[in-house]
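These notes concern the structure reproduced below.
Residue numbers (my numbering): -13 to 164.
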């Protein structure tokens, strides 16, 4: 597989008319996620932001902060390949609505999910890293993402405390399956 790194963004783009990915191809993605300041990296199987279908192999390292957000006019799905994470769905006011515990098929946990409604959500990485296949509809437009006003922005001092609070509240949240 031919991969082109996108400078300083922890994004790799597969090139060619047929994209094939083996475990060895993902070593750089995992390594980059661990070393990246944002603790994440992705391999895009689609050639560009204007494509109507976006397929990405994403690696998130433990400690990454994905600010709660929702997508207008988009759906997204995750298929876990390696590691475990929680998808946390929130009500409009920031209260936890549901937690989806995810892991690879062999764990017996939810290994696939699809979100089709504009619901605020985030992910919490529960292993040193998690690798998953995400599919969403394009084209990519940052204006299609609304960040929750009740959650701190990425890179701000309150982000780590917010993550800790969400983790502690999960044990009391409805819909949490072990």
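C-beta: ideal position from N, C-alpha, C; glycine also.
- Cβ-Cβ separation between residue 54 and residue 108: approximately 4 Å, consistent with a contact (criterion under 8 Å).
- Across the set 129, 124, 32 and 100, the C-alpha of 100 shows the shortest separation from the C-alpha of residue 75.
- Restricting attention to beta strand (DSSP E) runs no shorter than 3 residues, the segment 33 to 70 encloses them at 39 to 47, 55 to 57 and 62 to 68, ordered along the chain.
- About 6 Å separates the CB atoms of residue 115 and residue 16; that is less than 8 Å, so the two are in contact.
- Taking every protein chain shown into account, the CB of residue 40 has 16 or more other CB atoms within 10 angstroms, so this residue is buried.
- For the pair residue 30 and residue 52, the CB atoms are not nearer than the 8 Å cut-off.
- If you draw a 10 Å sphere on the C-beta of residue 137, you find 16 or more other C-beta atoms in it, and that means buried.
- For the segment -12 to 27, the continuous beta strand (DSSP E) assignments of 3+ residues that do not extend past its boundaries occur at -12 to -8 and -3 to 1, in sequence order.
- Around the beta carbon of residue 118, 16 or more other beta carbons sit within 10 angstroms, so the residue counts as buried.
- Residue 28 is not a Cβ neighbour of residue 47, given a cutoff of 8 Å.
- With at least 16 other beta carbons inside 10 angstroms of its own, residue 56 counts as buried.
- Judged by pairs of C-beta atoms under 8 Å, the segment 77 to 85 does not touch the segment 118 to 131, as fewer than three such pairs exist.
- Assigned with DSSP and collapsed to three states, residue 112 falls in coil, not helix or strand.
- Residue 64 and residue 120 have their C-alpha atoms spaced approximately 5 Å apart.
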